[in-house]
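Undergrad: Numbering (the numbering used here), first residue to last: 1 to 345.
#1: Relative to the C-alpha of residue 133, which candidate in 339, 315, 295 and 321 has its C-alpha closest?
#2: Alpha carbons only, please: which of 229, 152 and 230 is nearest the one belonging to residue 221?
#3: Just to confirm before moving on: does the CB-CB distance between residue 303 and residue 340 stay below 8 angstroms?
#4: Between residue 22 and the rest of its own chain, which residues show a CB-CB distance below 7 angstroms, the 5 nearest in sequence each way excluded?
#5: Less than 8 angstroms between the CB atoms is what I'm expecting for residue 199 and residue 211, so what's the real figure, rounded?
#6: Can you give the Cα-Cα distance for residue 244 and residue 86, rounded to whole angstroms?
#7: Compute the beta-carbon to beta-carbon distance between residue 292 and residue 286, rounded to the nearest angstrom, for a pair I have assumed lies under 8 angstroms.
#8: Give every residue of the same chain whose Cβ lies closer than 8 angstroms to the Cβ of residue 349, excluding the five residues on either side of it in the sequence, and list them in chain order.
#9: Hey, would you say residue 39 sits closer than 8 angstroms to residue 322, going by beta carbons?
#10: Do you know offhand how far residue 52's Cα is from residue 46's?
#11: Count Cβ pairs between the segment 62-78 and the segment 121-131 that sit closer than 8 angstroms; are there 3 or more?
#12: From residue 75 to residue 113, what does the alpha carbon distance come to, in whole angstroms?
#13: Please state whether the Cβ-Cβ distance between residue 174 and residue 252 is less than 8 angstroms.
#14: What residues match up with residue 245 in a beta bridge as DSSP calls it?
#15: With the cut-off set at 8 angstroms, would you say residue 109 and residue 33 are in Cβ contact?
#16: In the segment 47-72, which residue ranges form an unbroken beta strand (DSSP E) of at least 3 residues, counting only runs that do not cross its ends?
#17: Under a three-way DSSP split, which group does residue 1 fall into?
#18: Which one of 111, 225, 15 and 263 has the shortest CA to CA distance from residue 273?
#19: With burial defined as no fewer than 16 other Cβ atoms inside 10 Å of the residue's Cβ, what is the status of residue 31: buried or exposed?
#20: Excluding the five sequence neighbours on either side, which residues of its own chain have a C-beta within less than 6 angstroms of the C-beta of residue 107, listed in chain order?
#21: Can you give the Cα-Cα distance for residue 95 and residue 269, rounded to whole angstroms?
#22: Let's test the definition: count the other Cβ atoms within 10 Å of the Cβ of residue 209 and tell me whether it reaches 16, buried, or not, exposed.
#23: List the whole-angstrom C-beta distance separating residue 103 from residue 60, where the pair is believed to meet the contact cut-off of C-beta under 8 angstroms.
#24: Give the straight-line distance between the Cα atoms of residue 118 and residue 10, rounded to the nearest whole angstrom.
#25: If you draw a straight line from the alpha carbon of residue 218 to that of residue 13, how long is it in whole angstroms?
#26: Leaving out five residues on either side along the sequence, give the residues of the same chain with a beta carbon under 6 angstroms from the beta carbon of residue 77.
#27: Quick check on the DSSP output: the beta strand (DSSP E) that includes residue 320 runs from which residue to which?
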């Protein structure tokens with residue numbers, strides 16, 4: 001098969017298409033002939049040597065894909081009983097990967113393989129697994145967002161990077177669950193996009209401090225702050241995120257775009273009875289109540305119907321050939337893109 005290889009010491013510019021051995025499915029795996037993969041911030045970090053794959057995962061970049069099943073392992077039905085009807089050769093599926101998506105074929109645990117929601121094309125389905133599983137697991141399984149309503153108001157969510165791949169999905173999914181959504185973005189165009197996606201409050205972080213805007217926005221209720229903050233920035237926003245939390249609020253950190261080490265005001269956090277949670281999807285086990293298999297099951301049960309009903313739409317903004325993976329990552333790195341970037345085989 002063909003796969004994208006790279007030199008970590010060089011970064012995205014070293015990516016190239018090369019011949020590599022075909023994957024062989026394990027007993028609990030299927031092999032997918034890839035139609036498309038999608039570009040994620042973690043892919044950029046891996047290309048720079050900053051985010052190595054978990055033990056046992058393919059060295060090839062790529063955390064999601066769509067395509068057709070071409071081989072199945074001998075223990076498929078036992079590996080993913082909830083999805084057994086979709087795990088047959090020829091079935092069109094999408095999958096959450098620990099690596100290997102930038103290739104023409106990939107082996108993946110059966111429990112992480114999902115049917116394609118009706119109304120979504122085979123290629124566009126590649127844009128869904130990573131964002132859907134990340135957002136659902138963090139907002140609804142970890143932060144219990146829907147349980148944080150208060151007398152007289154809905155739960156409040158603040159999403160950083162609301163027009164990006166993760167952010168645009170988070171805004172739509174939360175809005176579909178009747179959450180009061182605020183989002184930050186870095187331009188007037190991206191702020192407008194956040195509003196169109198369902199954010200009741202959209203903040204241009206280049207022009208305003210999101211803490212001040214959130215305080216003004218919630219002043220009338222006398223109940224300041226966000227119940228949950230979904231953060232991709234990490235250290236850079238740590239202090240202001242704690243300041244923006246409501247009492248009993250939860251800061252969920254899923255990225256490190258703004259650095260890995262920051263100062264935490266524990267007194268302020270204690271005063272709010274706040275929680276800071278850092279989570280990672282890629283290194284979770286397949287099995288278990290918070291494993292990737294269970295996350296995929298819940299996504300199919302709870303999120304796919306919203307996509308099929310048109311309440312959540314895929315946000316594919318640009319498409320690249322697989323051989324142009326370096327160009328796609330450089331586009332992501334520029335910060336000028338919105339939504340998801342696809343790599344099509």
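Just so it is clear, CB atoms sit at the ideal spot from N, CA and C, and this is done for glycine as well.
TA: Based on what the coordinates show:
#1: Counting from 1 along the chain shown, the entry for residue 133 is found at position 133. When only C-alpha atoms are compared, the closest one is 295.
#2: The residue given as residue 221 occupies position 221 in the chain shown. When only C-alpha atoms are compared, the closest one is 152.
#3: Counted from its first residue, the chain shown places residue 303 at position 303. Counted from its first residue, the chain shown places residue 340 at position 340. In this structure, residue 340 does not lie closer than 8 angstroms to residue 303 by Cβ.
#4: Position 22 of the chain shown, counted from the first residue, corresponds to residue 22. So the qualifying residues of the chain are 1 and 105.
#5: Within the chain shown, residue 199 is the residue found at index 199, counting from 1. Within the chain shown, residue 211 is the residue found at index 211, counting from 1. Not confirmed; about 17 angstroms, so no contact.
#6: Here residue 244 corresponds to residue number 244 of the chain shown, with the count starting at 1. Here residue 86 corresponds to residue number 86 of the chain shown, with the count starting at 1. Going by the C-alpha atoms only, they are around 43 angstroms apart.
#7: Your numbering for residue 292 matches position 292 in the chain shown. Your numbering for residue 286 matches position 286 in the chain shown. That belief holds up - the Cβ atoms of residue 292 and residue 286 are roughly 5 angstroms apart, short of 8 angstroms.
#8: A query on residue 349 cannot be resolved here, the shown segment of the chain reaching from 1 to 345 and no further.
#9: Along the chain shown, one-based indexing puts residue 39 at 39. Along the chain shown, one-based indexing puts residue 322 at 322. No; because the gap between Cβ atoms is not below 8 angstroms, this pair is not in contact.
#10: Position 52 of the chain shown, counted from the start, is the residue given in the question as residue 52. Position 46 of the chain shown, counted from the start, is the residue given in the question as residue 46. Spanning the two alpha carbons is a distance of roughly 6 angstroms.
#11: yes
#12: The count along the chain shown starts at 1 and reaches residue 75 at position 75. The count along the chain shown starts at 1 and reaches residue 113 at position 113. Answer to the nearest angstrom: the Cα atoms are 14 angstroms apart.
#13: Against the chain shown, residue 174 aligns to sequence position 174. Against the chain shown, residue 252 aligns to sequence position 252. Going by C-beta atoms, residue 174 is not nearer than 8 angstroms to residue 252.
#14: Taking the first residue of the chain shown as 1, we reach residue 245 at position 245. For residue 245, which the question treats as bridged, DSSP gives the partners 226.
#15: Position 109 of the chain shown holds residue 109. Position 33 of the chain shown holds residue 33. Not in contact: residue 109 and residue 33 (Cβ atoms no closer than 8 angstroms).
#16: 64-72
#17: As a working note, residue 1 is residue 1 in the chain shown. Of the three classes helix, strand and coil, the one that applies to residue 1 here is coil, per DSSP.
#18: One-based indexing of the chain shown puts residue 273 at position 273. Minimum Cα distance to residue 273 is reached at 225.
#19: Your numbering for residue 31 matches position 31 in the chain shown. Classification for residue 31: buried.
#20: Locating residue 107 in the chain shown gives position 107, where the first residue counts as 1. Cβ neighbours of residue 107 beyond the five flanking positions: 23, 25, 29 and 31.
#21: As a working mapping, residue 95 is identified with position 95 in the chain shown. As a working mapping, residue 269 is identified with position 269 in the chain shown. Whole-angstrom Cα-Cα distance: 38 angstroms.
#22: Sequence index remark: in the chain shown, residue 209 carries index 209 (1-based). Classification for residue 209: exposed.
#23: The residue labelled residue 103 in the question sits at position 103 within the chain shown. The residue labelled residue 60 in the question sits at position 60 within the chain shown. Going by Cβ atoms, the distance from residue 103 to residue 60 rounds to 5 angstroms, so yes, they are a contact pair.
#24: In the chain shown, counting from the first residue as 1, residue 118 sits at position 118. In the chain shown, counting from the first residue as 1, residue 10 sits at position 10. For residue 118 and residue 10, the distance between alpha carbons rounds to 41 angstroms.
#25: Within the chain shown, the letter at position 218 stands for residue 218. Within the chain shown, the letter at position 13 stands for residue 13. Taking the straight line from one Cα to the other gives about 45 angstroms.
#26: In the chain shown, residue 77 corresponds to position 77, counting from 1. Excluding sequence neighbours, residue 77 sits near 84.
#27: Position 320 of the chain shown holds residue 320. Per DSSP, residue 320 belongs to the beta strand (DSSP E) from 316-321.
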